[in-house]
Amino acid sequence: MNVVLWILEWFGRPEQWTGTSGIPARFLEHVLYSGLALLLSAAIAVPVGLVTGHTGRGGFLAATLANFARALPTIGVLMLVVLVLGIGLAPVMAALVALAVPPILVNTYEGVRGVDPQLRDAAEGMGMRGREVLLRLETPIALPLILVGLRTAAIQVVSTATIAAFVGLGGLGRFIVDGRARQDFPMILGGSLLVVLLALIVIVLFALLRRVLVARGLRRRAAAPI
Amino acid sequence: MTEAPPVDWGWIQRQLDGVIADRLLEHLYLSFPPILLGLLVALPLGIASARWRPVYPPVLSGANMLYAIPSIALFYLLAPYTGLTPWTAIIPLALYTLAILVPNVVDGLNQVPDHVRQAAAAMGFGPLRRLLQVELPAAIPVVAAGLRVASVATISMVSVASVVGLGGLGQLILTEGFQRQFPTPIIAGILLSVLLAFLTDGALVLLQRWLTPWTRGRRAEAGRASRRARASSAPAREEEAVP
Numbered sequence: 013m014n015v016v017l018w019i020l021e022w023f024g025r026p027e028q029w030t031g032t033s034g035i036p037a038r039f040l041e042h043v044l045y046s047g048l049a050l051l052l053s054a055a056i057a058v059p060v061g062l063v064t065g066h067t068g069r070g071g072f073l074a075a076t077l078a079n080f081a082r083a084l085p086t087i088g089v090l091m092l093v094v095l096v097l098g099i100g101l102a103p104v105m106a107a108l109v110a111l112a113v114p115p116i117l118v119n120t121y122e123g124v125r126g127v128d129p130q131l132r133d134a135a136e137g138m139g140m141r142g143r144e145v146l147l148r149l150e151t152p153i154a155l156p157l158i159l160v161g162l163r164t165a166a167i168q169v170v171s172t173a174t175i176a177a178f179v180g181l182g183g184l185g186r187f188i189v190d191g192r193a194r195q196d197f198p199m200i201l202g203g204s205l206l207v208v209l210l211a212l213i214v215i216v217l218f219a220l221l222r223r224v225l226v227a228r229g230l231r232r233r234a235a236a237p238i
Numbered sequence: 426m427t428e429a430p431p432v433d434w435g436w437i438q439r440q441l442d443g444v445i446a447d448r449l450l451e452h453l454y455l456s457f458p459p460i461l462l463g464l465l466v467a468l469p470l471g472i473a474s475a476r477w478r479p480v481y482p483p484v485l486s487g488a489n490m491l492y493a494i495p496s497i498a499l500f501y502l503l504a505p506y507t508g509l510t511p512w513t514a515i516i517p518l519a520l521y522t523l524a525i526l527v528p529n530v531v532d533g534l535n536q537v538p539d540h541v542r543q544a545a546a547a548m549g550f551g552p553l554r555r556l557l558q559v560e561l562p563a564a565i566p567v568v569a570a571g572l573r574v575a576s577v578a579t580i581s582m583v584s585v586a587s588v589v590g591l592g593g594l595g596q597l598i599l600t601e602g603f604q605r606q607f608p609t610p611i612i613a614g615i616l617l618s619v620l621l622a623f624l625t626d627g628a629l630v631l632l633q634r635w636l637t638p639w640t641r642g643r644r645a646e647a648g649r650a651s652r653r654a655r656a657s658s659a660p661a662r663e664e665e666a667v668p
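So the protein sequences, as listed, match chains A and B.
Numbering-wise (the numbering used here), the first sequence opens with residue 13 and increments by one.
Numbering-wise (the numbering used here), the second sequence opens with residue 426 and increments by one.
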């Protein structure tokens with residue numbers, strides 16, 4: 013049980029809670045890196061997924077690109093961009109976006125593709141044009157799946173944003189990398205627990221988003237465990 | 426920045442039999458055991474979760490929590506116990522696959538049509554024989570879809586294991602490339618890792634076709650099973666699947 017005591021002791025150290033290398037500051041940095049990466053990825057993947065899903069064209073290309081991005085080793089992308097652009101936020105964002113785009117893109121595409129063709133016919137029968145069908149019918153119906161994609165991406169990004177510490181930036185990865193350097197086990201454990209905590213917050217946040225954004229008639233279909 | 430071209434082909438030619446081959450082999454040794462181990466653990470967990478429903482939510486939450494732990498942290502935390510043995514990489518990577526594989530095993534078993542189950546019972550199959558000879562084979566397409574996602578994710582994550590000095594293509598990227606400020610090994614490492622992931626993915630597709638001859642030539646039918654398989658092959662850890 014001394015592991016628990018170690019962690020409690022680490023969280024109990026007063027210097028943890030203040031200053032630029034304290035838990036609140038590192039947590040906030042981690043949230044900022046992750047949030048920015050998720051926003052960038054969503055800005056790329058959601059429109060591409062919606063359009064390819066709606067037109068049915070380019071779906072194969074999008075899936076291939078998503079597979080390619082998923083297979084990219086994060087460390088490799090990070091180090092390559094560091095060599096090209098130097099240390100900074102850009103390499104971290106490149107690595108995280110490569111990680112986050114595939115789940116968002118594929119889920120958005122599948123969400124739109126999966127819309128019942130009869131509903132699409134009905135919308136067209138009501139006089140909706142292509143763009144209206146996409147925005148007023150397909151997007152709301154695909155939304156639960158889009159949110160699943162965003163949540164999967166967000167959890168992976170939160171867990172992987174620790175790599176920012178490898179290139180001299182902050183975030184919760186600092187505790188893990190510095191803890192390793194100082195052979196400070198409780199520090200590594202504490203940092204990891206904070207990352208898991210952030211992932212849990214993400215899960216709760218997406219459950220709330222789902223409740224707020226998804227139309228009531230669509231919500232019943234899938235009750236997600238956690 | 427130097428004037429040198431981004432990729433030094435001479436280096437690649439010289440090292441093809443040397444450091445590149447060594448790291449690629451290490452990468453193979455570090456990626457396949459976790460995938461197999463993960464499948465071995467996910468199968469009983471998934472079977473139990475499909476049979477006894479209340480088991481599923483805690484199992485899934487546990488697997489998802491593990492998935493949220495940064496891989497670097499798990500490698501660091503295990504390293505003092507397992508040292509520089511492959512287990513330092515194999516255990517965390519196998520744990521990560523559970524979050525992808527367990528839901529797929531459960532979905533695969535749940536989508537076995539009831540009439541198939543009843544037919545097996547009518548033929549006198551007991552629960553165990555029905556599971557082994559009917560339900561599990563019928564679940565193969567969905568399980569294989571999960572296995573494909575898990576293996577691509579594992580092969581790309583093995584690179585992180587190099588941070589604790591376990592070798593693999595990550596070592597090529599970090600030691601040969603980054604520490605010497607030399608992009609060629611980084612690019613070679615990335616591309617080989619992607620290539621390995623694609624080849625493994627392709628091999629799994631072939632394996633699945635070979636194991637499930639009854640799904641061949643039924644593409645046009647686009648039944649629920651293949652639809653579901655496609656959807657769950659898409660995102661990692663998708664609990665909601667497609668309507």
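We put the beta carbon where it would ideally sit given N, CA and C, even for glycine.
Values in this document were obtained by computation on a predicted structure and should not be read as measured data.
Asked                                                                                                                                                                 : Found
Taking L499/B as the reference, give the member of V207/A, M105/A, L220/A with the closest Cα.                                                                        : V207/A
Could you tell me how far apart the beta carbons of V559/B and A547/B are, in whole angstroms, since I believe they sit closer than 8 Å?                              : At roughly 12 Å, the Cβ-Cβ gap does not stay under 8 Å, so V559/B and A547/B are not in contact.
State the Cα-Cα distance for the pair F623/B and F72/A, rounded to the nearest angstrom.                                                                              : 15 Å
With burial defined as no fewer than 16 other Cβ atoms inside 10 Å of the residue's Cβ, what is the status of I494/B: buried or exposed?                              : buried
Note down the Cα distance separating G435/B from I611/B, rounded to an integer number of angstroms.                                                                   : 15 Å
How far does the alpha helix (DSSP H) with A586/B in it extend, from its first residue to its last?                                                                   : Run containing A586/B: none; DSSP gives neither H nor E here.
Could you check which residue in A219/A, H42/A, F39/A, E21/A has the C-alpha nearest to that of P156/A?                                                               : A219/A
Ignore the nearest five residues each way along the sequence and tell me which others in I200/A's own chain have a CB closer than 8 Å to its CB.                      : F187, I188, G191, R192
How is the alpha helix (DSSP H) around R82/A delimited, first residue to last?                                                                                        : 71–83
For P103/A, I'd like the list of residues in its chain whose CB is within less than 7 Å of its CB, leaving aside the five on either flank, ordered along the chain.   : L90, V93, V94, L97, V179
Hey, is V588/B's beta-carbon within less than 9 Å of any beta-carbon in chain A?                                                                                      : yes
To the nearest angstrom, how far is it from the Cα of S46/A to the Cα of R554/B?                                                                                      : 48 Å
Could you list which residues in chain A have their beta carbon closer than 8 Å to that of L594/B, in chain order?                                                    : P85, G88
Quick one: Cα of L230/A to Cα of P552/B, how far?                                                                                                                     : 36 Å
Taking only three categories from DSSP, how would you classify M199/A?                                                                                                : helix
Who are the near neighbours of A107/A in its chain, counting only those whose CB is closer than 6 Å to its CB and skipping five residues on each side?                : T86, V89, L90
Quick check: the Cα distance between H452/B and P129/A, rounded to an integer number of angstroms?                                                                    : 45 Å
Can you have a look at G183/A and say buried or exposed, based on whether 16 or more other CB atoms are within 10 angstroms of its CB?                                : buried
I want to see whether chain A comes within less than 9 Å of A622/B, judged by CB atoms only; does it?                                                                 : yes
Counting only runs that start and end within the stretch 154–237 of chain A, where is the alpha helix (DSSP H) found for 4 or more residues in a row?                 : 185–193, 197–225, 228–231
Shorter than 9 Å from the beta carbon of M582/B to some beta carbon of chain A?                                                                                       : yes
Return the chain-ordered list of same chain residues with a C-beta closer than 7 Å to the C-beta of V531/B, the five sequence neighbours on each side being excluded. : G471, S474, A475, Y481
Given a cut-off of 9 Å, decide if L159/A and L117/A are closer than it, judged by their beta-carbon atoms.                                                            : no
According to DSSP, is D752/B helix, strand or coil?                                                                                                                   : Look at the range of chain B in this structure, 426 to 668, and you will see that residue 752/B is not part of it.
Determine whether the Cβ of P459/B lies closer than 9 Å to any Cβ atom of chain A.                                                                                    : no
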